[in-house]
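Taken in order, these protein sequences are the chains called S and Y.
Quick note: the first sequence uses the working numbering, first residue 1, plus one each step.
Quick note: the second sequence uses the working numbering, first residue 1, plus one each step.
We treat Cβ as the ideally placed atom computed from N, Cα and C, and that holds for glycine.
Below: the structure, in structure tokens.
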Amino acid sequence: MSTEKQLFTISVYTENNIGLLNRISAIFQRRHINIESLNTSPSEIEGVSKFTIVVNMTDENIKKIIGQIEKQVEVIKAYYHKDEDTIYQESCIFKMQSDLLFEERQIQNIIKESNARIVTVNKSFFVIEKSGRKEEVDLIYKELKPFGILQFTRSGRVSVSKQPMEISQMLTAFN
Amino acid sequence: METQTIKNKDTVTKVTEKISGSEAIVRCLIAEGVKVLYGYPGGAIMPVYDELYKYQDKIHHVLTRHEQGATHSAQGFARISGQVGVAIATSGPGATNLITGIADAQIDSTPMVCITGQVPSHLLGSDAFQETDIVGISTPVTKWNCQVTKASQIPEAIAKAFYIAKSGRPGPVLVDITKDAQFEEFDFAYEKCTKVRSYVPIPKTISGTLEAAAKLINEAKKPMIVWGQGIILSEAEVAFKAFVEKAGIPAAWTILGASALPTSHRLNVGMLGMHGNYAPNKLTNECDVLIAIGMRFDDRVTGDLSKYATQAKVIHFEIDPSEVDKNVKTDVAVLGDAKASLTAILPLINESTHTDWHQEFKDLYAIEYEKVIKEDLYPTKEGLTMGEVIHQINVESKGDAAIVTDVGQHQMIACRYAEFNKTKSNITSGGLGTMGFGLPAAIGAKMAAPEREVVSISGDGGYQMTIQELGTIFQQKTAVKMVVLNNEFLGMVRQWQQLFFDKRYASTEMTNPNFVAIAEGYYLKARKVTKREDLAAAVKEMMESKEAYFLEVCVEKEGNVFPMVPSGASVSDIRLC
């Protein structure tokens, strides 16, 4: 069993309950596990929410964490995957001064080469959006930084697994 | 008024009645079979108390003297009866005072439902008088909790609360109900909860694991059983005894598992852990197969995990999948309810006696008896020992009493030496180690089982943490027997200071009040013993009393509890002195 830390994507299917975010985040907090990113959204099943949580931890500890998450009454099922077993994306947006767009040709090249897009332009600022893997987001950030970024936000990871997550069958079997 | 509602898509019609949310709460409790609940009134829960007044012939509310006492009483009630204990409190400080008991119930898997009043929903988040985010505060220490802001949500929330508290691995739940929801009228109908779709109370046993476990057990030369409260919670005592006897395996218990198998049973080899018996601790590191049933390898049981039973194959019978491999890596995990698993494995087990192996336990017991037990129970030196008091209680109870302890030296001594003939007889705060647990827990235990002798044993420290519950005992006329083993110290901490902090007794010495006068202030019978020659008669008088009785025994000031596995040491490094 590996004692080296690595990134895992945890997918938690839950009932849509107000207090559950607290309950789940407390599991990590109590054990001093830093959450790299967290995203909550509806899932493919009506009325079922999905938490996508990225953490950096050992193989042994991730199993214990999954056990603690699944133990929560309103958690339907939790899965964990290594990066190579998921398709994942994150998204980021940059707000920059508008004059840069016309004065610095390089910015247009960066946008083009990184498959980013311009969301909006007005007299004072313009906004670039980029979706991709973490490294791609890191790269465009690094490239744009010298020009002066007014605001920058990146989203949590969203992911789907390569293997099926047999959650629908589970719920069908229950009902 | 009666109305008819249509439930879901089905055309099942239910008869409903228009009542207030607060009446609904009381009717839900009655429907769940609750006859006694413990609590303390206040602003945000007053509508419910008004209904409790109306329904007092059906449900008995016990006014404790502090909300913490209400939770511990509910816990004592649950632990002796196996039923759900119920505590009720108002918002704000009433609710926060429940937290210690809730945390205790969580770590000791005790089924408990707590109901708290909350400020009206339009004031939520406004820092209103006695508003506190009790759902947020109680989240990490409850199995489940929720807030109700509409009367119509009350029946479902309470039904779910009872189901979740009691099913699977039990635990505490909290339902927080706003005052406007208590006043609101709605169409009431009650239906018990039997399932929650996201919740699997009892996991399926993985195919082949029972057979694999049976094979390991049958091939073992030096098998050892370590059992916990799981046996008691699943009411598996009969199946467990049959299993132990057929397999002929020495069996040792965790503090919460005590009394699931009678103390006198020939295969009961004693208590595990820090102040447990010598043989089971030593031989944990010599057995070839360790069979853990309904226990969770708490650090007080295992000592240093890296030196815990590393030579043994480990089988873990467990209802909570998150406990498997949490602390000790298992070779075979048998998931499921202990009673079902033990019943299923019995036919697969070969009859055996393991006589030579069992002799090793007896030999080590003989050493422990000579070096520790003899002097504890039949002391020759001057001061009274805690052990001889417990021994005297055994003499009078003949092992039939339920022993409720607080936390500390007296707890370890009581658990080591109390004799138990019946299950559900050792009620103690194990996981959380909550001083102040004993006295209120004994109240709940005695009320749940009035036919049983209930003896609460406390130290002079813990007793004073919830001493105000003497008022509850007096008001309710609860015939609890109370023993305080007074050494004028916070004894367990003092023992550690002596052993590990060069006798620097920082803030452990107690200047105590006149305990007898305090008990008498509550009009309770009370007696104090300072000499050995008075002990037997005093214990006899206490045990024969038909009403509550307080007995203070002044024991030696600096007595220590041995054996001891020092914190962080291996179980096999257990010290006898």
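Please report the distance separating the alpha-carbon of residue i from that of residue j.
i	j	result
serine 49 of chain S	glutamate 184 of chain Y	31 Å
glycine 431 of chain Y	phenylalanine 147 of chain S	58 Å
serine 456 of chain Y	glutamine 468 of chain Y	15 Å
isoleucine 231 of chain Y	glutamine 182 of chain Y	39 Å
arginine 79 of chain Y	valine 516 of chain Y	29 Å
glycine 276 of chain Y	threonine 194 of chain Y	40 Å
isoleucine 177 of chain Y	threonine 149 of chain Y	6 Å
serine 198 of chain Y	valine 539 of chain Y	52 Å
glutamine 130 of chain Y	isoleucine 18 of chain S	22 Å
threonine 405 of chain Y	isoleucine 33 of chain S	36 Å
glutamine 4 of chain Y	glutamine 106 of chain Y	Residue confidence for glutamine 4 of chain Y is low, a pLDDT of 44 falling below 50, so the modelled location carries little weight; the figure read from the coordinates is stated next. Their Cα atoms are separated by approximately 40 Å.
glutamate 552 of chain Y	lysine 528 of chain Y	5 Å
alanine 260 of chain Y	aspartate 299 of chain Y	21 Å
glycine 336 of chain Y	glycine 171 of chain Y	17 Å
tryptophan 253 of chain Y	methionine 271 of chain Y	5 Å
valine 48 of chain Y	lysine 77 of chain S	37 Å
aspartate 325 of chain Y	aspartate 104 of chain Y	23 Å
glycine 47 of chain S	glutamate 74 of chain S	12 Å
methionine 1 of chain Y	serine 20 of chain Y	For methionine 1 of chain Y, the predicted structure reports a pLDDT of 38, less than 50, and the residue's modelled location is therefore unreliable. The matter cannot be settled from this model.
leucine 20 of chain S	leucine 256 of chain Y	30 Å
histidine 316 of chain Y	asparagine 281 of chain Y	18 Å
tyrosine 417 of chain Y	isoleucine 518 of chain Y	29 Å
Which residues in the same chain have their Cβ closer than 8 Å to the Cβ of residue i, if we skip the five residues on either side of it in sequence?
i	result
lysine 192 of chain Y	Ala31, Glu32, Ala159, Phe162 and Tyr163
serine 43 of chain S	Tyr13, Ser49, Lys50 and Ile167
asparagine 8 of chain Y	Only weak support exists for where asparagine 8 of chain Y lies, its pLDDT of 49 falling under 50; the coordinates are left without a value.
glycine 34 of chain Y	Reading the sequence as shown, one finds valine at residue 34 of chain Y and not glycine. Counting only Cβ-Cβ distances below 8 Å, and skipping sequence neighbours, we find Ile59, Val84 and Val86.
lysine 477 of chain Y	Glu547 and Ala548
Have a look at the options and flag the residue whose alpha-carbon is nearest the alpha-carbon of residue i.
i	options	result
alanine 338 of chain Y	Y/Gln359, Y/Cys287 and Y/Lys241	Y/Lys241
alanine 402 of chain Y	Y/Ile390, Y/Gly459 and Y/Gly408	Y/Ile390
histidine 122 of chain Y	Y/Leu29, Y/Glu211 and Y/Asp180	Y/Asp180
isoleucine 27 of chain S	S/Glu70, S/Tyr79 and S/Tyr80	S/Glu70
tyrosine 80 of chain S	S/Ser11, S/Arg117, S/Ser168 and S/Met57	S/Ser11
tyrosine 522 of chain Y	Y/Pro440, Y/Leu470, Y/Val565 and Y/Val483	Y/Leu470
phenylalanine 550 of chain Y	Y/Val454, Y/Pro155 and Y/Pro566	Y/Val454
histidine 358 of chain Y	Y/Leu305, Y/Leu283, Y/Ile413 and Y/Arg300	Y/Leu283
lysine 221 of chain Y	Y/Pro250, Y/Thr209 and Y/Gly399	Y/Pro250
glycine 461 of chain Y	Y/Ile25, Y/Val407 and Y/Ile137	Y/Val407
arginine 30 of chain S	S/Gln6, S/Gln68 and S/Ala173	S/Gln68
alanine 258 of chain Y	Y/Glu211, Y/Met295 and Y/Ala536	Y/Met295
lysine 145 of chain S	S/Gln106, S/Asn122, S/Arg117 and S/Lys77	S/Gln106
isoleucine 102 of chain Y	Y/Thr64, Y/Thr330, Y/Ser152 and Y/Val173	Y/Val173
alanine 167 of chain Y	Y/Val200, Y/Glu558 and Y/His316	Alanine is not the amino acid found at residue 167 of chain Y; the sequence shown has serine there. The shortest Cα separation from serine 167 of chain Y among Y/Val200, Y/Glu558 and Y/His316 belongs to Y/Val200.
alanine 44 of chain Y	Y/Leu124, Y/Asp108 and Y/Gly82	Y/Leu124
serine 322 of chain Y	S/Ser131, S/Arg133, S/Gly132 and S/Ile65	S/Ile65
isoleucine 225 of chain Y	Y/Ser234, Y/Leu233, Y/Glu235 and Y/Ala213	Y/Ala213
methionine 46 of chain Y	Y/Gly208, Y/Thr116 and Y/Leu439	Y/Thr116
serine 41 of chain S	S/Glu15, S/Ala116, S/Met57 and S/Met170	S/Glu15
methionine 510 of chain Y	Y/Thr205, Y/Met465 and Y/Val269	Y/Met465
Output needed for residue i: all residues of its chain with C-beta closer than 6 Å, excluding positions within five of it in sequence on either side, in chain order.
i	result
glutamate 4 of chain S	none
glutamine 72 of chain S	Arg23
threonine 86 of chain S	Thr9, Ser159 and Ser161
methionine 386 of chain Y	His410, Ile413, Leu485 and Val555
asparagine 39 of chain S	Thr52, Gly156 and Val158
valine 141 of chain Y	Ile102, Ala103 and Gln106
serine 152 of chain Y	Phe186
Which residue or residues does DSSP assign as beta-bridge partners of residue i?
i	result
asparagine 426 of chain Y	Y/Ile403
alanine 89 of chain Y	Y/Thr116
methionine 96 of chain S	S/Phe126
glycine 270 of chain Y	Y/Ala252
tyrosine 79 of chain S	S/Ser11
isoleucine 19 of chain Y	Y/Phe186
What does a CB cutoff of less than 7 Å around residue i pick up in its chain, not counting 5 residues either side in sequence?
i	result
histidine 61 of chain Y	Leu37, Gly39 and Leu52
isoleucine 62 of chain S	Phe8 and Tyr80
leucine 150 of chain S	Lys95, Met96, Gln97 and Phe125
Note to self: Contact between the segment 367–378 of chain Y and the segment 286–303 of chain Y is defined here as three or more beta-carbon pairs at a separation below 8 Å; is this criterion met?
What the structure shows: no
Notebook entry, point to check: Contact between the segment 100–117 of chain Y and the segment 70–87 of chain Y: three or more CB pairs below 8 Å?
Noted result: yes
Note to self: For the segment 340–358 of chain Y against the segment 89–100 of chain S, do three or more pairs of beta-carbon atoms, one drawn from each stretch, fall closer than 8 Å, so that the two count as touching?
What the structure shows: no
Notebook entry, point to check: Any chance the segment 428–447 of chain Y sits against the segment 395–411 of chain Y, with 3 or more Cβ pairs inside 8 Å?
Noted result: yes
Next item on the list: Could you tell me whether the segment 150–160 of chain S touches the segment 51–65 of chain S, using the rule of 3 or more Cβ pairs below 8 Å?
Entry: yes
Checklist line | Sufficient close CB pairs (3 or more, under 8 Å) joining the segment 350–357 of chain Y to the segment 243–261 of chain Y | finding: yes
Note to self: Check whether the segment 481–500 of chain Y and the segment 441–455 of chain Y touch, using three or more Cβ-Cβ pairs below 8 Å as the test.
What the structure shows: yes
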